[in-house]
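Right, one structure below, let's go through it.
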Amino acid sequence: AFFRFLPLMPDAHALLQTVFGYPAFRGEQAEIVAHVGGGGNALVLMPTGGGKSLCYQIPALLREGVAIVVSPLIALMQDQVATLSELGVAAACLNSATAPDEARDIVRQARAGTLDLLYVAPERLLTPRFLELLNDLRIALFAIDEAHCVSHWGHDFRPEYQQLGILAERFPAVPRIALTATADEQTRADILHYLRLAEARVFLSSFDRPNLFYQVVEKHNAKKQLLAFIQQDYPGASGIVYCLSRKRVEDTAQWLVENGIRALPYHAGLGHEVRDRHQREFLREDGVVMVATVAFGMGIDKPDVRFVAHIDLPKSPENFYQESGRAGRDGLPAASWLCYGLNDMVQLTQMIEGSEMAVLQKQVELSKLDAMLAFCETAACRRQHILAHFSEQSAPCGHCDNCLNPPVTFDATLPVQKLLSCIYRVEQRFAASHVIDVLLGRANQSVTAFGHDQLSTFGIGRELNQRGWRSIIRQLVAKKLLQVDIARGQSLVFGDGCRAILKGEQKVYLRPLADDKKSRSANTDR
Ligand code: ADP
Ligand code: ZN
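Each residue of the sequence shown is one higher than the one before, counting from 21 in full-length UniProt numbering.
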């Protein structure tokens with residue numbers, strides 16, 4: 021398409037330089053471009069920021085006809101089209117926001133063969149009218165962006181995506197390229213299946229971010245811990261702080277500002293104008309800390325973000341990887357700092373259970389949450405752990421908290437037996453805070469009301485404090501030895517293996533416990 025403007029038939033490399041202004045391909049781009057440009061089908065798994073767009077944009081220009089790009093997000097389409105237009109590439113998009121006469125004009129251009137790339141939402145593409153239009157066009161290729169949307173396992177399932185297999189059937193001669201940054205095993209299998217790409221070549225880029233150092237800390241006062249982290253490790257640096265709720269965004273931003281940090285809030289409740297202003301400030305100026313919900317970050321390309329902090333647990337390893345991956349795009353050292361507690365787990369489980377999702381979807385979300393918890397509680401290298409989640413083998417990184425201070429596990433069988441007996445005595449019907457009160461021998465109102473101050477386990481756990489017991493409970497939940505029954509007031513209930521521990525047939529090894537004896541607050545998770 022594009023080469024009609026150039027004196028000679030260009031090769032991929034010439035297009036990269038003349039149109040996009042980059043000196044060289046990155047990673048696997050060159051091979052992908054050659055493969056798809058030559059008519060092959062491909063599945064491209066590349067981390068965010070890796071440069072997926074060029075993998076179909078250059079073949080789109082190399083091949084004759086218009087490239088049809090399926091994309092689920094209007095904002096992303098518009099960004100891409102604006103960027104391409106500035107480079108002089110003929111690109112347009114059709115979605116629910118396109119005005120009717122504008123849409124007619126775009127269709128006219130497509131028919132006239134003057135478009136290089138046409139971005140379209142999946143539901144639009146699947147209409148009989150659009151499929152008919154496609155029959156009349158010369159098509160360079162189909163690119164299916166954010167291909168994980170095809171899978172229940174992906175983080176934003178779009179049922180329409182599953183019907184895109186129709187493209188293989190109707191246009192067998194047109195090359196197809198599916199792209200995503202989500203690469204876990206199940207998602208990958210779903211993409212290959214639904215998009216009929218079984219024969220496609222798979223390009224799996226490394227998801228390793230060698231300059232990103234992971235650190236997980238146990239939550240006792242998230243805001244204070246965050247402030248200390250910023251002040252000690254990253255004073256004056258640009259960073260992003262992710263929170264679960266809007267209220268928490270507001271509170272945290274205010275707290276940081278009160279303590280001399282240039283922080284700005286960002287969440288969907290703030291209104292366009294404020295959000296745009298804050299985003300501009302964050303992008304243009306140095307040393308701004310954006311405190312945000314996950315609404316922030318899509319398409320943000322700021323290379324010198326020095327840290328990404330999560331003060332609430334992300335809902336899946338994919339979310340975590342994507343969000344923390346916004347730090348250190350410039351290749352210089354950067355930090356991913358995650359602060360989590362048992363309450364995070366409870367809160368997220370509650371959100372999933374209480375949502376409108378189908379049962380199957382809930383199970384998927386819960387298992388992702390489990391995987392996230394396993395990352396937090398691992399005693400092994402964090403980077404190795406997260407890469408393994410993306411089916412990538414690696415050596416210990418040497419830079420994460422666990423590599424720098426390898427946690428020494430200890431035989432915790434005795435305290436665990438005390439805890440389990442106590443849970444057993446209260447008939448697996450009470451939440452962590454109540455069980456801990458009984459262990460510590462606190463005869464408060466709830467404990468006495470149920471007569472739990474009369475139990476044989478009342479006060480048998482005074483050798484540890486509340487944080488110590490919380491730490492044990494969290495680790496047991498992560499090991500699935502305990503479960504939190506959300507439907508029954510967050511009661512702690514036995515998982516498999518508890519009886520063997522109680523009978524002394526099985527030992528339990530845990531990571532060291534927090535032993536900050538000064539901490540006596542009622543709710544140590546917040
Ligand atoms: P992804 O879609 O994988 O998240 P993008 O395609 O948006 O990534 O690319 C991320 C950034 O990297 C963009 O700013 C893009 O212009 C830049 N980029 C991509 N390929 C190259 C390259 N070969 N050389 C230099 N910069 C590149
Ligand atoms: Zn490590």
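Glycine included, each C-beta is placed from N, C-alpha and C at the ideal position.
Collapsed DSSP secondary structure at residue i in the structure displayed
i: Phe395; result: helix
i: Trp489; result: helix
i: Ala312; result: strand
i: Arg128; result: helix
i: Leu407; result: helix
i: Gln235; result: strand
i: Val39; result: coil
i: Ala198; result: strand
i: Arg221; result: strand
i: Thr544; result: Residue placement at Thr544 is poorly supported in this model, since its pLDDT is 41, which falls under 50; the coordinates are not used for a value here.
i: Ala110; result: coil
i: Leu530; result: strand
Inter-residue Cα distance where the pair is residue i and residue j
i: Arg131; j: Asp165; result: 23 Å
i: Phe227; j: Glu205; result: 14 Å
i: residue 10; j: Pro416; result: Since the first residue of the chain shown is 21 and the last is 546, residue 10 is not available in this structure.
i: Asp536; j: Arg490; result: Low confidence applies here, because Asp536 scores a pLDDT of 44, under 50, leaving its location unreliable; read the following figure in that light. Asp536 and Arg490: Cα-Cα distance of roughly 12 Å.
i: Gly69; j: Thr134; result: 30 Å
i: Phe514; j: Lys438; result: 13 Å
i: Ile88; j: Arg46; result: 24 Å
i: Pro67; j: Cys423; result: 24 Å
i: Leu407; j: His172; result: 21 Å
i: Leu35; j: Ile78; result: 7 Å
i: Glu270; j: Val311; result: 8 Å
i: Leu434; j: Arg300; result: 55 Å
i: Leu82; j: Ala32; result: 7 Å
i: Ala432; j: Gly488; result: 11 Å
i: Glu122; j: Glu48; result: 37 Å
i: Pro532; j: Gln474; result: 31 Å
i: Ala288; j: Val458; result: 42 Å
i: Thr544; j: Phe450; result: With a pLDDT of 41 at Thr544, under the threshold of 50, the predicted position of this residue should be treated as unreliable, though the coordinate-derived value follows. C-alpha separation (whole angstroms): 18 Å.
i: Tyr234; j: Ser476; result: 43 Å
i: Ala463; j: Val497; result: 26 Å
i: residue 4; j: Val56; result: The structure shown has nothing for residue 4, since the chain only spans 21 to 546.
i: Thr38; j: Val277; result: 46 Å
i: Cys75; j: Leu65; result: 11 Å
i: Asp306; j: Ser258; result: 6 Å
i: Glu397; j: Lys500; result: 12 Å
i: Leu386; j: Phe340; result: 15 Å
i: Glu376; j: Lys382; result: 9 Å
i: Leu104; j: Ala110; result: 7 Å
i: Asn425; j: Ser116; result: 52 Å
Host alpha helix (DSSP H) of residue i (start-end)
i: Ser441; result: Thr433 to Arg445
i: Val56; result: Gln49 to Gly57
i: Tyr214; result: Glu205 to Tyr214
i: Leu82; result: Ser73 to Leu82
i: Glu106; result: Ile94 to Glu106
i: Leu65; result: Segment Ala62 to Leu65 is the beta strand (DSSP E) holding Leu65; no alpha helix (DSSP H) there.
i: Val455; result: Ala452 to Leu460
i: Thr468; result: Gln465 to Ala469
i: Asn422; result: Asp421 to Leu424
Boundaries (first-last residue) of the beta strand (DSSP E) holding residue i
i: Ala87; result: Val86 to Val90
is_contact[residue i, chain B] using C-beta, thresh 8 Å
i: Leu82; result: Among the protein chains of the structure shown there is no chain B, as only one such chain exists.
Does the region 187 to 200 come close enough to the region 56 to 69 that 3 or more CB-CB pairs lie under 8 Å? yes
Give the list of continuous beta strand (DSSP E) stretches no shorter than 3 residues that lie fully inside the region 493 to 522. 502 to 505 and 511 to 514
Determine contact between the region 227 to 245 and the region 349 to 359, defined as no fewer than three beta-carbon pairs at a distance below 8 Å. yes
Three or more C-beta pairs closer than 8 Å, one from the region 355 to 372 and one from the region 462 to 479: is that the case here? no
Completely contained beta strand (DSSP E) runs for the UniProt domain "Helicase C-terminal" (242 to 392), where each covers 3 or more residues: 259 to 262, 283 to 286, 309 to 312, 327 to 330 and 354 to 360
Are three or more beta carbon pairs between the region 35 to 52 and the region 137 to 150 nearer than 8 Å? no
Are at least three pairs of beta-carbons, each pair with one atom in the region 291 to 301 and one in the region 333 to 350, less than 8 Å apart? no
Between the region 396 to 412 and the region 506 to 521, do at least 3 Cβ pairs fall closer than 8 Å? no
Write down every uninterrupted run of the beta strand (DSSP E) in the region 119 to 193 whose length is 3 residues or greater and which is fully enclosed by it, in chain order. 137 to 140 and 159 to 164
Examine the Cβ distances between the region 311 to 325 and the region 211 to 225 and report whether three or more of them are shorter than 8 Å. no
So does the region 182 to 195 actually touch the region 154 to 162, counting three or more Cβ pairs closer than 8 Å? yes
So does the region 252 to 268 actually touch the region 91 to 102, counting three or more Cβ pairs closer than 8 Å? no
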